[in-house]
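Chemist:
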Amino acid sequence: NAGVTQTPKFQVLKTGQSMTLQCAQDMNHNSMYWYRQDPGMGLRLIYYSASEGTTDKGEVPNGYNVSRLNKREFSLRLESAAPSQTSVYFCASSRGEKLFFGSGTQLSVL
Amino acid sequence: GEDVEQSLFLSVREGDSSVINCTYTDSSSTYLYWYKQEPGAGLQLLTYIFSNMDMKQDQRLTVLLNKKDKHLSLRIADTQTGDSAIYFCAEKGDTGGFKTIFGAGTRLFVKA
Chain B
19 NAGVTQTPKF QVLKTGQSMT LQCAQDMNHN SMYWYRQDPG MGLRLIYYSA SEGTTDKGEV
79 PNGYNVSRLN KREFSLRLES AAPSQTSVYF CASSRGEKLF FGSGTQLSVL
Chain Z
594 GEDVEQSLFL SVREGDSSVI NCTYTDSSST YLYWYKQEPG AGLQLLTYIF SNMDMKQDQR
654 LTVLLNKKDK HLSLRIADTQ TGDSAIYFCA EKGDTGGFKT IFGAGTRLFV KA
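Those protein sequence lines, which keep their order, are chains B and Z.
Residues 19 to 128 in this note's numbering are what the first sequence spells out, letter by letter.
Residues 594 to 705 in this note's numbering are what the second sequence spells out, letter by letter.
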């Protein structure tokens, strides 16, 4: 009963390094999302994919890219990490109007 | 743009009722949600209400919606220590497409 699986759980990067956050869901959902969570702020949408083969910018897309590899997988890439990207990142998928979240990736950029 | 606001902290004694409040600005909100986040975990949908409803009850949870004032509340009856978590209010409107707007979350502390 995996649901939404994110890897890695923790990551520390140096400024300028790149990395990809992986996300997979086994619920056959069409739509997938990447959010970031910062202290004192709600979740902010980075990118979403309404269906396989499509991606769209959310509220805070700058500095990120995404790939919807197939129906199951949606990855988030930081090409050149910056300290402002230190955050907790959540992947989610949706069925109807309900969001299902992964357990998050805690990313620190030094 | 759309905004969702909620207080950041609430402390209650075990056995008391907790009431978490939220206000939102989007008059076209169709769905209003409460998500729960436990330490080190992702958000889990707790309950949600359609904008054409005033109230929804689900066991210990009662959701009240005042659409005129754009105010949503979550009441947890007989609060237990296991209810300690962050509770996020969220809304989604017809005009937002796939965009769900989240509040900053209310951290509920339950004292034994």
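Every residue gets a Cβ at the ideal spot worked out from N, C-alpha and C, and that includes glycine.
Since ASP651(Z) is in the beta strand (DSSP E), which residue starts that stretch and which ends it?
Modeler: That run of the beta strand (DSSP E) goes 648-651.
Chemist: How about ASP74(B) and TYR66(B): do their beta carbons lie closer than 9 angstroms?
Modeler: Cβ distance < 9 angstroms, so ASP74(B) and TYR66(B) count as in contact.
Chemist: Taking DSSP as the reference, what is the three-state secondary structure of GLY122(B)?
Modeler: Here GLY122(B) sits in coil by DSSP.
Chemist: ALA683(Z) and ILE669(Z) - do their beta-carbons sit closer together than 9 angstroms?
Modeler: Contact flag unset, no.
Chemist: Identify the contact partners of LEU638(Z) in chain B, using a Cβ-Cβ distance below 8 angstroms as the criterion.
Modeler: Here the neighbours are LYS116, LEU117, PHE118.
Chemist: Less than 9 angstroms separating the beta-carbons of GLY120(B) and THR38(B)?
Modeler: Not a contact, by the Cβ cut-off of 9 angstroms.
Chemist: Would you call the CB atoms of THR118(B) and LEU638(Z) closer than 9 angstroms?
Modeler: Correcting the residue type first, residue 118(B) is Phe in the shown sequence and not Thr. It is a contact, given that the beta carbons lie within the stated cut-off.
Chemist: Does the separation of the CB atoms of ARG95(B) and SER49(B) fall below 9 angstroms?
Modeler: Their beta carbons are not under 9 angstroms apart, which means ARG95(B) does not touch SER49(B) by this criterion.
Chemist: Mind checking if PHE92(B) is an interface residue toward chain Z, Cβ cutoff 9 angstroms exclusive?
Modeler: Not an interface residue.
Chemist: Below 8 angstroms on the Cβ atoms is my guess for ILE613(Z) versus LEU667(Z); work out the distance and round it to an integer in Å.
Modeler: Yes, they are in contact, since the Cβ atoms of ILE613(Z) and LEU667(Z) sit about 5 angstroms apart, within 8 angstroms.
Chemist: Hey, how far is the Cα of ASN46(B) from the Cα of SER112(B)?
Modeler: Taking the straight line joining both Cα atoms gives about 9 angstroms.
Chemist: By DSSP, does THR72(B) sit in helix, in strand, or in coil?
Modeler: Residue state, collapsed to three classes: coil.
Chemist: What's the gap between the Cα of GLU595(Z) and the Cα of THR674(Z)?
Modeler: About 33 angstroms.
Chemist: My output table needs one value for GLY675(Z): the three-state DSSP class, helix, strand or coil.
Modeler: Residue state, collapsed to three classes: helix.
Chemist: Run through DSSP, which three-state label would GLN24(B) get?
Modeler: Strand at GLN24(B).
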